[in-house]
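Presented below is the structure to which this report refers.
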Amino acid sequence: MNQNIVYRSDIDGLRAVAVILVVFFHLFPEANPGGFIGVDIFFVISGFLISTIIFKNLDNNSFSILDFYFRRIVRIFPALILVLLSTFLIGWLLLLDGEFKNLGKHIIGGIGFVSNVIQWREGLNYFNSYLKPLLNLWSLGVEEQFYFVWPFVVIICWRFKKYLLTIIILFLILSFIVNIFFLFSLENLNFSYKMPVTRFWEILFGSLLGYISLYKKRDDRKIINNIKSFLGLSFIILSLIFINSGKLFPGFWALLPVIGSYLIIDSGQNSYINRVFLANQYVVYLGLISYPIYLWHWPLITYNKLLFSDQPPLVSLIIVLILTIFLSMITYHFLEKPIKKVNKKFAAYTLLSVSLLAGLIGLSGYIGIIKPYSDQFGMTEYSIAINDWNFPTKNLQPRKFLDTDFYESKDYKEKILFLGDSNMEQYAPRIERLLSENKNIEKKSIFFTKNGCMPIKNVRVLNKPECHPFVNNAYKFSENPEIKTVVIGSLWLSYFDNNTKAYYQNDNFIEYLSKSPIASDKVLNEFQLSVKKLVDLKKSVYVILNIPRGDGLQPNKMINRSLVGEKFSLNSANLDKDEIINSYDSFVKRLKNVVIQAGAQVIDPLDYLCDNDSKCPISFENKLIYKDSGHLRASFVRENVKYLDFLILDNKMSVSMDKVE
């Protein structure tokens, strides 16, 4: 396979720019909020280089599919395998059992180039995913998935070479439209960000440039190329100014860094910016080690956060940066370069064998054959707490109402509807226990819930388009005359977090809850109307207020971890009840008032989960109460949460029950 393509040092320089942007975004996100567009630059570079090689070798009748993939293996696998095994080893030293199992799964995904698919299925948010050491592999998955398909597409279309340009443009436009559709029509941000079908258009921009560079006449005047490179750099700078994690991305915004990269590459190696800056020997060197830099930086950043309880000092971030560069240099000089000198076929088969071994090691961690070091220090209780969830419970059967799923127990005349998000689902184990232990009570429990959906009309959540129809259907269902009792619960305050991206939309008004006091007022008014309507229908309506919430409740954040000295130590503190009540402009107080004004009754978990000194403990009888920052453990709820018992046992509601202390 003849790959005598003219080497362009300026493209390695552009690689350096891309990786610097990504690394500094992850290290200092507030100072460089748009740095993640470096990945988009990588996509264009990759599409240009690989497609140019394919086109030119097809022209020379020297293209071989096997040789192509051998070269991809030799290029991708050495650094990847080293980083995966190193990440696994450090994870074995630092992670809890559940975290370590998850790492094993992502190592398998990394080896198989499906990390992006796994992350999408897990609902991982690229901009807000704590403790995911291999989160950065999503882009490698997208890129390699493209190259699983693209060579075959080109080979098939090569016999119609005169239409190849049209085909490239057609696929590019189609992928871009799919990206826009998933982002705006379906509001599926996670899918649009990480899946290949919504990202291929960026790589195809590079492929388009590769084709045009080889087969189309271009105006190669110096002034034109200088204008192109200047415009391209300007587009990338504009990307850094205007793009951040709050934008709908990739969408239309991704056109800025993609077109900017296109123009810079198209301007050629002799344009002023490319020749003077991008082709600078130090910038080029960073480009040569950009791939190992990209692989190493994120696991190191993640473990650094873990060691400093998600609040790493500046000096530790600088150390991470230096260590990233150092490990990347070692990887490049002592692994990547020597392997290129080995017979490609032999190297490819060897690397495939080693990658299979790495995958088996990851699998051993995932299924529990290899246990993390933390198990020797009695940390299993914390892992158990993280996974202590039980919904739907065994007594609940799936049903549908207007294409919306819900669950209900055995059919009895008296029906109790539990409506809300996962904070309502957390009470299902207690309800199940009461019904199973009191078989003389003939009541039917119905859970009409949806995780991550605020149970208030016209409140929508970005990336969860199912919330709007769910809430509307839930309230329609609640009007059923056979339902005499309606209980509404939610982690209300979580929808005011910036990361949640919940917004109120009605008529011409649309504002994020986290940014608009007016939206907050409209939300309360909307909820009051919904509750009052149910009360007017002669239903008993109860609204459960917020439980304690906060990062300090997460079991994995209650532990200090270290690579030296005392490996694992506890770091936990109780929450303050008054801080919860007064947060977000006293929203909980206002919510309580509108519920009472609507004629419903309020159930306040803080009266039970917090003590007389306004402290909300994190453990009860030497066991953790919470599974994460905003949910109670299923086992704790089943045995100890009694403030909903009156609904089943027909006792009078009381908050003078035993408190957790």
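In this note's numbering, the protein residues as written are 475 to 1135. Virtual Cβ for every residue (Gly too), placed ideally from N, Cα, C.
What's the C-alpha gap between residue i and residue j?
{"i": "His1105", "j": "Asn973", "result": "17 Å"}
{"i": "Ile1099", "j": "Ser681", "result": "54 Å"}
{"i": "Ile641", "j": "Asn982", "result": "41 Å"}
{"i": "Ile1033", "j": "Val1068", "result": "40 Å"}
{"i": "Val1062", "j": "Val591", "result": "38 Å"}
{"i": "Lys1031", "j": "Gly852", "result": "16 Å"}
{"i": "Asp1085", "j": "Lys938", "result": "36 Å"}
{"i": "Ile550", "j": "Gln619", "result": "13 Å"}
{"i": "Trp612", "j": "Asp1050", "result": "39 Å"}
{"i": "Glu1135", "j": "Pro1091", "result": "Residue confidence for Glu1135 is low, a pLDDT of 47 falling below 50, so the modelled location carries little weight; the figure read from the coordinates is stated next. If you take the alpha carbons of Glu1135 and Pro1091, they lie about 6 Å apart."}
{"i": "Ile775", "j": "Pro1022", "result": "29 Å"}
{"i": "Tyr768", "j": "Phe499", "result": "12 Å"}
{"i": "Asn864", "j": "Tyr840", "result": "21 Å"}
{"i": "Leu1123", "j": "Arg873", "result": "25 Å"}
{"i": "Leu965", "j": "Cys941", "result": "15 Å"}
{"i": "Lys917", "j": "Lys889", "result": "6 Å"}
{"i": "Val935", "j": "Ser603", "result": "18 Å"}
{"i": "Ala553", "j": "Leu563", "result": "15 Å"}
{"i": "Gly1024", "j": "Gly926", "result": "16 Å"}
{"i": "Pro766", "j": "Leu558", "result": "12 Å"}
{"i": "Phe782", "j": "Leu908", "result": "43 Å"}
{"i": "Lys1097", "j": "Phe1042", "result": "18 Å"}
{"i": "Leu1044", "j": "Phe875", "result": "46 Å"}
{"i": "Glu1095", "j": "Leu722", "result": "46 Å"}
{"i": "Gln871", "j": "Gly597", "result": "25 Å"}
{"i": "Tyr621", "j": "Leu614", "result": "11 Å"}
{"i": "Ser1103", "j": "Asp1052", "result": "17 Å"}
{"i": "Lys702", "j": "Ile738", "result": "6 Å"}
{"i": "Lys635", "j": "Pro503", "result": "45 Å"}
When the Cα of residue i is compared with those of the options, which residue comes out closest?
{"i": "Ile555", "options": "Val758, Leu568, Phe587", "result": "Phe587"}
{"i": "Ile485", "options": "Arg749, Leu998, Gln785", "result": "Arg749"}
{"i": "Gln743", "options": "Leu752, Ala993, Ser735", "result": "Leu752"}
{"i": "Ser829", "options": "Glu661, Leu1083, Ile582, Leu1123", "result": "Ile582"}
{"i": "Lys958", "options": "Glu985, Phe808, Lys996, Lys1012", "result": "Lys1012"}
{"i": "Tyr746", "options": "Asn699, Tyr777, Lys779, Ile1077", "result": "Asn699"}
{"i": "Tyr1016", "options": "Gly963, Ser560, Glu985", "result": "Gly963"}
{"i": "Leu646", "options": "Trp624, Ile630, Lys635", "result": "Trp624"}
{"i": "Glu1000", "options": "Glu882, Gln1071, Phe502", "result": "Gln1071"}
{"i": "Tyr689", "options": "Asp533, Gly508, Phe626", "result": "Asp533"}
{"i": "Glu617", "options": "Lys845, Phe522, Asp1119, Gly706", "result": "Phe522"}
{"i": "Phe922", "options": "Asn817, Ala902, Asn754, Leu893", "result": "Leu893"}
{"i": "Gly706", "options": "Asn599, Val491, Trp675, Lys779", "result": "Val491"}
{"i": "Lys1007", "options": "Asn1045, Pro955, Glu1053, Ile1018", "result": "Pro955"}
{"i": "Asn535", "options": "Ile515, Arg633, Phe574, Asp879", "result": "Arg633"}
{"i": "Gly565", "options": "Ser1036, Asn817, Asp740, Arg1107", "result": "Ser1036"}
{"i": "Thr867", "options": "Pro903, Asp694, Tyr667", "result": "Pro903"}
{"i": "Phe529", "options": "Asp571, Val628, Lys579", "result": "Val628"}
{"i": "Asn869", "options": "Asp877, Asp885, Asn817, Asp862", "result": "Asp885"}
Anyone know if the C-beta pair for residue i and residue j falls short of 9 Å?
{"i": "Asn506", "j": "Leu495", "result": "yes"}
{"i": "Tyr978", "j": "Ser988", "result": "no"}
{"i": "Tyr856", "j": "Pro1079", "result": "no"}
{"i": "Gly684", "j": "Ser538", "result": "no"}
{"i": "Gly1073", "j": "Val997", "result": "no"}
{"i": "Ser838", "j": "Leu891", "result": "no"}
{"i": "Ile915", "j": "Ser883", "result": "no"}
{"i": "Leu791", "j": "Leu501", "result": "yes"}
{"i": "Tyr901", "j": "Leu1118", "result": "yes"}
{"i": "Ala1047", "j": "Gly1026", "result": "yes"}
{"i": "Phe544", "j": "Ala821", "result": "yes"}
{"i": "Ile860", "j": "Lys1101", "result": "yes"}
{"i": "Ser520", "j": "Ile677", "result": "yes"}
{"i": "Thr798", "j": "Val497", "result": "yes"}
Tell me which same chain residues have a C-beta within less than 8 Å of the C-beta of residue i, skipping the five on either side of it?
{"i": "Ile511", "result": "Leu495, Ile710, Ser713, Leu714, Ile717, Ala728, Leu730, Pro731"}
Among the residues of its own chain, which have a CB less than 7 Å from the CB of residue i, if the five just before and after it don't count?
{"i": "Val671", "result": "Ser649, Val652"}
{"i": "Ser1014", "result": "Lys958, Thr959"}
{"i": "Leu569", "result": "Leu577, Pro846, Ser848"}
{"i": "Lys1066", "result": "Leu1019, Val1076"}
If you drop the 5 nearest sequence neighbours on each side, which residues of the same chain put their C-beta closer than 6 Å to that of residue i?
{"i": "Gly725", "result": "Leu657"}
{"i": "Phe679", "result": "Val518, Val732, Tyr736"}
{"i": "Ile1055", "result": "Val1062"}
{"i": "Ile905", "result": "Ser919"}
{"i": "Asn980", "result": "Asn932"}
{"i": "Leu825", "result": "Ile547, Phe551"}
{"i": "Ser1130", "result": "Legend: pLDDT at Ser1130 = 37, less than 50; position of this residue unreliable, no value from coordinates given."}
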